[in-house]
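Notes follow the structure.
2 protein chains.
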Amino acid sequence: MILGIDPGSRKTGFGLINQHGTRMEYVSSGVIRVHKEPTLADRLDLIYTSVSEIIEQFSPACMAIEQVFMGRGPDSALKLGQARGAAIIAGTQARIDVYEYAARKVKQSVAGNGNADKDQIGYMVKSILKLPGVPQEDAADALAIALCHAYNHTGLVNIAGATHSRRGRVL
Amino acid sequence: MILGIDPGSRKTGFGLINQHGTRMEYVSSGVIRVHKEPTLADRLDLIYTSVSEIIEQFSPACMAIEQVFMGRGPDSALKLGQARGAAIIAGTQARIDVYEYAARKVKQSVAGNGNADKDQIGYMVKSILKLPGVPQEDAADALAIALCHAYNHTGLVNIAGATHSRRGRVL
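Listed below in structure tokens is the structure:
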């Protein structure tokens, strides 16, 4: 099972899929909302705790997270970095491999177009996973990241440029 | 006991002090160096694990961390945010209060000048804590942050504008 994570300082999407050869099976997805927590420490703790609980409940073999290119200002980069750190550590502490994919790679893998927009990603996630509807945006992005990992990390064949490490692999 | 943390994507300083009324006692300090770890996941995990171990070993009552104003680009802000997230979660997971102080406040509190440079901070940390020499720069910054908390968070008298939360307090 693959856990995809789309981190954010207010909302962190997650999506779990199973891969059976070329067939992808939806397991679960959702959004961790932390904007009501009173302090930064509480928000980061809630992301860490929630991702840890998801890993404990579903026992995914690995985590895939979107690589970030910052078009925004340093202040939002700092906030996103903190949220991203919280999610990554939940993976490393649970001793699962952590992989990182560029946004363009995720879009290319799922929609066949590195510049696909949110609607196209949502539609493709719905179609590939045979869902009754398009998931919430952050959950759809997380599922897309998980699908990207499934397509690109086929173990024996292709490791998609991933670098190895003791506990995790980050592209 | 107060744990001061100066987070960074390559080096994270830490410093522990005891406060006896107005007298400050040095306990320990050092630097967590993560630049040799092969992946981002490993680096963040090492920061988290090291800060967790320091908290377990010394049982500080709280953690103080420098508030960051980003003069640098979004890429370094993202990296710093990830490291900062790792350190803060080590605090929240150990259930100690986490406080944040602006760099200017730290300098003002320790050197009497909000624009004090690194050398002045190092000298004042050495002098206040009666150390035989000036600590390594990141360790000195972490000790300065701990001292800032000791001076400004005198419990009954003055909470220095800190906001409260369930688990932590972040300015």
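Sequences listed follow chains A and B, in order.
0 is the number of the first residue of the first sequence in numbering that gives the first Met the number 0; add one for each residue after it.
0 is the number of the first residue of the second sequence in numbering that gives the first Met the number 0; add one for each residue after it.
The beta-carbon is built from N, C-alpha and C at its ideal position, and this holds for glycine as well.
Please read all numbers here as calculations on a predicted model, not as lab measurements.
Which word fits residue i, buried or exposed, when buried means at least 16 other C-beta atoms lie within 10 angstroms of its C-beta?
i, result
"Ser126 of chain B", "exposed"
"Asp116 of chain B", "exposed"
"Asp118 of chain B", "exposed"
"His19 of chain B", "exposed"
"Gly3 of chain B", "buried"
Identify which residue in the options has its Cα closest to the Cα of residue i.
i, options, result
"His148 of chain B", "B:Ala102, B:Gly121, B:Lys129", "B:Ala102"
"Tyr47 of chain B", "B:Gln81, B:Val67, B:Met23, B:Ser75", "B:Gln81"
"Asp5 of chain A", "A:Ala141, A:Asn151, A:His152, A:Pro37", "A:Ala141"
"Thr38 of chain A", "A:Gln92, A:Val50, A:Ser8", "A:Ser8"
"Ala60 of chain B", "B:Leu45, B:Ile1, B:His19", "B:Ile1"
"Ala86 of chain A", "A:Met62, A:Gln107, A:Val133, A:Val124", "A:Met62"
"Glu55 of chain A", "A:Asp137, A:Arg94, A:Ala143", "A:Arg94"
"Phe57 of chain B", "B:Leu130, B:Asn17, B:His152, B:Gly12", "B:Asn17"
"Phe13 of chain B", "B:Thr21, B:Met23, B:Glu52", "B:Glu52"
"Gln135 of chain A", "A:Arg22, A:Ile31, A:Met23, A:Thr21", "A:Ile31"
"Ile64 of chain A", "A:Gly90, A:Gly72, A:Arg71", "A:Gly90"
Please report how far the alpha carbon of residue i lies from the alpha carbon of residue j, in whole angstroms.
i, j, result
"Ile120 of chain A", "Leu79 of chain A", "21 Å"
"Leu15 of chain A", "Val33 of chain B", "31 Å"
"Asp74 of chain A", "Lys10 of chain A", "17 Å"
"Asn157 of chain A", "Lys104 of chain B", "For Asn157 of chain A, the predicted structure reports a pLDDT of 35, less than 50, and the residue's modelled location is therefore unreliable. The matter cannot be settled from this model."
"Ala139 of chain B", "Tyr122 of chain B", "9 Å"
"Glu50 of chain B", "Gln66 of chain B", "First, the amino acid is wrong: residue 50 of chain B is Val here, not Glu. Roughly 18 Å separates the two Cα atoms."
"Ser28 of chain B", "Ala40 of chain B", "25 Å"
"His107 of chain B", "Asp96 of chain A", "Note that residue 107 of chain B corresponds to Gln in the displayed sequence, not to His. Spanning the two alpha carbons is a distance of roughly 44 Å."
"Asp44 of chain B", "Gln92 of chain A", "7 Å"
"Tyr100 of chain B", "Gly132 of chain B", "25 Å"
"Tyr98 of chain A", "Asn151 of chain A", "11 Å"
"Met23 of chain B", "Gly84 of chain B", "28 Å"
"Val109 of chain A", "Ala145 of chain A", "10 Å"
"Asn112 of chain B", "Leu128 of chain A", "60 Å"
"Glu196 of chain B", "Ile88 of chain A", "Past the edges of chain B, shown from 0 to 170, lies residue 196 of chain B, and the structure says nothing about it."
"Asp137 of chain A", "Val124 of chain A", "12 Å"
"Val26 of chain B", "Ala143 of chain B", "13 Å"
"Asp71 of chain B", "Gly72 of chain A", "For the record, residue 71 of chain B in the displayed sequence is Arg; it is not Asp. Cα to Cα, the separation comes out at about 10 Å."
"Arg42 of chain B", "Leu130 of chain A", "37 Å"
"Leu77 of chain B", "Thr21 of chain A", "35 Å"
"Asn114 of chain B", "Asn114 of chain A", "46 Å"
Is residue i helix, strand or coil by DSSP?
i, result
"Arg9 of chain B", "coil"
"Ser108 of chain A", "helix"
"Val124 of chain A", "helix"
"Asn151 of chain A", "helix"
"Arg135 of chain A", "One point to set straight first is that residue 135 of chain A is Gln, not Arg, in the sequence displayed. DSSP places Gln135 of chain A in coil when its eight states are reduced to three."
"Leu15 of chain A", "strand"
"Leu2 of chain B", "strand"
"Ala159 of chain A", "The predicted model places Ala159 of chain A with a pLDDT of 40, which falls under 50 and marks its position as unreliable; any figure quoted below should be read in that light. Correct three-state label for Ala159 of chain A: coil."
Worksheet item: Which residue spans inside the segment 27-110 of chain B form an unbroken alpha helix (DSSP H) run of at least 4?
Response: 39-57, 73-92, 102-110
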